[in-house]
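A.B. asks: Keeping their order, the protein sequence lines are chains A and B.
Going by our numbering, the first sequence opens with residue 11, and the numbers climb by one from there.
Going by our numbering, the second sequence opens with residue 395, and the numbers climb by one from there.
Encoded as structure tokens, here's the structure I'll be asking about.
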Amino acid sequence: MKEKAISIHSSRGGTGKTVIATNLAAIFASKGLNIALLDLDFRAPSLATVFSKGIKGPVRYWLNDFLNGQCTVEQALVDMSEGYDLKGKLLLGLANPAIEAIRNIMEKSRAWEVTAVKKLFSLRSTLFSDMGIDCCILDTSPGIQYASINAVISSDISVIVTTLDSLDLKGVENMLVELYDAFAKKTVVLINKVFPETRIWSSERQKNLISQMEKVLKHPVIGVIPCYCDVLQAERTSLLAVDKPFHPFLKNLEEVAEKLERSI
Amino acid sequence: MVKEPKSSAPNTKFLLMKLVDELRLVNQKLDSLIELNRKMLKAQEEMQRVGTELKLEPDAMSLLSLPMSLRKTVMVLYKLEKATAEDLARETKRLRPVESAYANQLVRMGYLSKKREGRDVYFYIESPMEIEK
Chain A
11 MKEKAISIHS
21 SRGGTGKTVI
31 ATNLAAIFAS
41 KGLNIALLDL
51 DFRAPSLATV
61 FSKGIKGPVR
71 YWLNDFLNGQ
81 CTVEQALVDM
91 SEGYDLKGKL
101 LLGLANPAIE
111 AIRNIMEKSR
121 AWEVTAVKKL
131 FSLRSTLFSD
141 MGIDCCILDT
151 SPGIQYASIN
161 AVISSDISVI
171 VTTLDSLDLK
181 GVENMLVELY
191 DAFAKKTVVL
201 INKVFPETRI
211 WSSERQKNLI
221 SQMEKVLKHP
231 VIGVIPCYCD
241 VLQAERTSLL
251 AVDKPFHPFL
261 KNLEEVAEKL
271 ERSI
Chain B
395 MVKEPKSSAP
405 NTKFLLMKLV
415 DELRLVNQKL
425 DSLIELNRKM
435 LKAQEEMQRV
445 GTELKLEPDA
455 MSLLSLPMSL
465 RKTVMVLYKL
475 EKATAEDLAR
485 ETKRLRPVES
495 AYANQLVRMG
505 YLSKKREGRD
515 VYFYIESPME
525 IEK
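Next comes the structure, spelled out in structure tokens:
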């Protein structure tokens, strides 16, 4: 995979988007790819917490500062490669979790959003051309908000993470038509937190579920990941791909990573 | 105002003075008409200037209200910053004249700006941060 940006999106919160994004980044980096993982959920930042154990010292610049033109791309990224003993690079772009920063983002004008999307394009260009990054993963905010649409526009492929909850599915159906088809973006759906019985389902039965969902959503379903209670209950500062590399959740996600690599 | 003399005999001086008074009034009315016309012309020029300088922000939400054909052009300009119709056509894989028509339509709508550099005409999204200043 060379110079590709993947946005991870969902119609509602709580689908496991951030767990997918962080572990996908770690899986790719453990294979030797250079990865940049960016937190574009400016209203509910989470990557600063997930990686809090590995971040050494205070964060000087956030992605917010980059979009505001107050720092360079290099200054806005935190290098996590050493802390997690991965084959490839893992750079983090963090959203500022301070209330003042969140309030500031919420007050931005439409004019600022135009500059923000242009800055995202320049960011990906610097990452790929000057910093040797192979893949950029954008963890977005759920639903249709400026941050998530900007991420979708500036990425090569979007992964929509959903559960089988009817509200989630209805939201995904709407987003696919109103947003993804409107921008003609390559999109795949990942079904997460599926009822635990699917763990012991035959591959034939799993294929049937995927085929049913593809008929409903009219877009490819890239994987089905069963619900694992220990993943849900795990400390949020724990990176599963590093702490429990043989966990079955990761086996599922590795298959998704392979399919993603093939599809882009 | 000139006072009418008591004698009934024609008074040339009186008639001339009355004529001067009338002419003064006509002159005043003409001055006000010229001033009114000047103001109207100025207002018209101002309206034309505002009309041509009206800029709309092509933000992501606004793009959703545009037809797909125009949306595609703006999305390419997010990436390229500035581009000729030929540059745009290369990215969108459409014909250059088609791309030129779409880009000019976006200029007329106020979403894009264009400038000439030598023989080339470049389309670009005006930096909103500069507009805000």
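Beta carbons: idealized from backbone N, C-alpha and C, even for Gly.
1) To which residues of the same chain is A/M11 closer than 7 Å at the C-beta, ignoring the five residues directly before and after it?
2) Which whole-angstrom value is the C-beta distance of A/A157 and A/L50, which I expect to be below 8 Å?
3) From what residue to what residue does the alpha helix (DSSP H) around A/K180 run?
4) Give me the Cα-Cα distance between B/T478 and B/E493, rounded to the nearest whole angstrom.
5) Threshold first: 3 residues or longer. Then list the beta strand (DSSP E) segments lying entirely within the segment 24 to 96 of chain A, N to C.
6) Using DSSP bridges, identify the partner residues of A/K14.
7) In angstroms, rounded to a whole number, what distance separates the CA positions of A/V199 and A/E183?
8) Quick test of the definition: if touching needs 3 or more C-beta pairs under 8 Å, does the segment 29 to 46 of chain A touch the segment 181 to 195 of chain A?
9) What does DSSP give as the partner residues of A/L200 in its beta bridges?
10) Which of the three DSSP states, helix, strand or coil, is assigned to B/E511?
11) Run down chain B in chain order and give the residues with a C-beta less than 9 Å from the C-beta of A/A105.
12) A/G103 bridges to which residues according to DSSP?
13) Can you tell me which of the three DSSP states A/A244 falls into?
14) In terms of DSSP beta bridges, what is B/K336 paired with?
15) Could you name the residues of chain A that B/M503 contacts, counting a contact when the two beta carbons are closer than 8 Å?
16) Determine the closest residue to A/L77 out of A/G67, A/L263 and A/A105, with distance taken between C-alpha atoms.
17) For a cutoff of 8 Å on Cβ pairs, would you count A/A192 as touching chain B?
18) Can you have a look at A/A108 and say buried or exposed, based on whether 16 or more other CB atoms are within 10 angstroms of its CB?
19) Over what stretch of residues does the alpha helix (DSSP H) that includes A/L227 continue unbroken?
20) So, at 7 Å on beta carbons, what are the nonlocal neighbours of A/S20 in its own chain, with the 5 sequence-adjacent residues on each side left out?
21) Counting C-beta neighbours from all protein chains within 10 Å, is the total for B/A437 16 or more, i.e. buried, or is it exposed?
22) Going by other Cβ atoms of all chains shown within 10 Å of its Cβ, with 16 needed for buried, is A/F256 buried or exposed?
23) Near B/D481, what residues of its chain come up, given a Cβ to Cβ distance below 7 Å and the 5 sequence neighbours on each side ignored?
24) Between the beta-carbon of A/A31 and the beta-carbon of A/L96, is there less than 8 Å?
25) Tell me, to the nearest whole angstrom, how far the beta carbon of A/I232 is from that of A/K269; I am working on the premise that it is less than 8 Å.
26) Rounding to the nearest angstrom, what Cα-Cα distance links B/R510 and B/P461 in this structure?
27) For the segment 469 to 501 of chain B, list every residue whose C-beta sits within 8 Å of some C-beta in chain A, in sequence order.
28) Mind listing the chain A neighbours of B/L458? Cutoff is C-beta to C-beta under 7 Å, in chain order.
29) Three or more C-beta pairs under 8 Å: does that hold for the segment 424 to 431 of chain B against the segment 71 to 87 of chain A?
C.D. replies: In short, the structure shows the following:
1) In the first sequence, counting from the first residue as 1, residue 11 of chain A sits at position 1. So the qualifying residues of the chain are L43, D144, C145, E271 and I274.
2) Residue 157 of chain A sits at position 147 when you count from the first residue of the first sequence. Residue 50 of chain A sits at position 40 when you count from the first residue of the first sequence. Contact flag correct, Cβ pair sits at about 5 Å.
3) Along the first sequence, read from residue 1 onward, the residue named residue 180 of chain A stands at position 170. Note, A/K180: alpha helix (DSSP H), S176 to M185.
4) Position 84 of the second sequence, counted from the first residue, corresponds to residue 478 of chain B. Position 99 of the second sequence, counted from the first residue, corresponds to residue 493 of chain B. The alpha-carbon atoms of B/T478 and B/E493 are separated by roughly 9 Å.
5) 45 to 49 and 87 to 89
6) The residue labelled residue 14 of chain A in the question sits at position 4 within the first sequence. A/C145, per the DSSP bridge assignment.
7) For the purposes of this step, residue 199 of chain A is taken as the residue at position 189 of the first sequence. For the purposes of this step, residue 183 of chain A is taken as the residue at position 173 of the first sequence. Roughly 10 Å between the two C-alpha positions.
8) no
9) Position 190 of the first sequence, counted from the start, is the residue given in the question as residue 200 of chain A. The partner list for A/L200 (beta bridge, DSSP) reads A/V171 and A/G233.
10) Numbered from 1 along the second sequence, position 117 holds the residue referred to as residue 511 of chain B. In this structure, B/E511 counts as strand in the three-state DSSP scheme.
11) Sequence index remark: in the first sequence, residue 105 of chain A carries index 95 (1-based). Within chain B, no residue comes near A/A105; the closest Cβ sits about 18 Å away, beyond 9 Å.
12) What you label residue 103 of chain A is simply residue 93 of the first sequence in a count that begins at 1. Answer is A/L48 and A/L87, bridged to A/G103.
13) As a first step, residue 244 of chain A must be located in the first sequence, where it is residue number 234. Three-state DSSP puts A/A244 in coil, outside helix and strand.
14) Past the edges of chain B, shown from 395 to 527, lies residue 336 of chain B, and the structure says nothing about it.
15) Mapped onto the second sequence, residue 503 of chain B falls at position 109. Going along chain A, no residue has its Cβ under 8 Å from B/M503, so there is no contact; the nearest lies around 15 Å.
16) For this step, residue 77 of chain A is matched to residue 67 along the first sequence. A/L77 has its Cα closest to that of A/A105, out of A/G67, A/L263 and A/A105.
17) The residue given as residue 192 of chain A occupies position 182 in the first sequence. Yes - at least one Cβ of chain B is within 8 Å of the one on A/A192.
18) Against the first sequence, residue 108 of chain A aligns to sequence position 98. Counting Cβ neighbours within 10 Å, A/A108 comes out exposed, since fewer than 16 surround it.
19) In the first sequence, the residue the question calls residue 227 of chain A occupies position 217. Its alpha helix (DSSP H) spans residues S213 to L227.
20) The sequence position of residue 20 of chain A within the first sequence is 10, counting from 1. Contacts found: K27, P152, I170, V171 and T172.
21) Along the second sequence, read from residue 1 onward, the residue named residue 437 of chain B stands at position 43. The residue is exposed, with fewer than 16 neighbouring Cβ atoms inside 10 Å.
22) In the first sequence, the residue the question calls residue 256 of chain A occupies position 246. Looking at its Cβ environment, which holds fewer than 16 other Cβ atoms inside 10 Å, A/F256 is exposed.
23) Position 87 of the second sequence, counted from the first residue, corresponds to residue 481 of chain B. The residues are L474.
24) One-based indexing of the first sequence puts residue 31 of chain A at position 21. One-based indexing of the first sequence puts residue 96 of chain A at position 86. Their beta carbons are not under 8 Å apart, which means A/A31 does not touch A/L96 by this criterion.
25) For this step, residue 232 of chain A is matched to residue 222 along the first sequence. For this step, residue 269 of chain A is matched to residue 259 along the first sequence. Yes, A/I232 and A/K269 are in contact; Cβ-Cβ is about 5 Å, under 8 Å.
26) By 1-based counting over the second sequence, the position of residue 510 of chain B is 116. By 1-based counting over the second sequence, the position of residue 461 of chain B is 67. If you take the alpha carbons of B/R510 and B/P461, they lie about 27 Å apart.
27) M469, Y472, K473 and E475
28) What you label residue 458 of chain B is simply residue 64 of the second sequence in a count that begins at 1. Going along chain A in sequence order, the residues near B/L458 (Cβ under 7 Å) are A192.
29) no
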